[in-house]
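In full-length UniProt numbering, the protein residues as written are 1 to 46. Ideal placement from N, C-alpha and C gives every residue a C-beta, glycine not left out. In this text, all values refer to a predicted model and were calculated from it rather than measured experimentally.
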């Protein structure tokens, strides 16, 4: 099983005053990270 770790800094504009992340951004980060994982193991999705 391939594992991949990515640390993401949340920009100020992508969260609300309570510090909660705008949920569609989470999906975009997951997608970007998934593409990086597959590229790392030799299966580029591009």
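Cβ pair residue i, residue j closer than 8 Å
{"i": "residue 6", "j": "residue 40", "result": "no"}
{"i": "residue 35", "j": "residue 45", "result": "yes"}
Enclosing alpha helix (DSSP H) for residue i [first to last residue]
{"i": "residue 123", "result": "Only positions 1 to 46 of the chain appear in the structure, and residue 123 is not among them; the question remains open."}
Cβ-Cβ separation, residue j to residue i (assumed contact under 8 Å), whole Å
{"i": "residue 22", "j": "residue 14", "result": "5 Å"}
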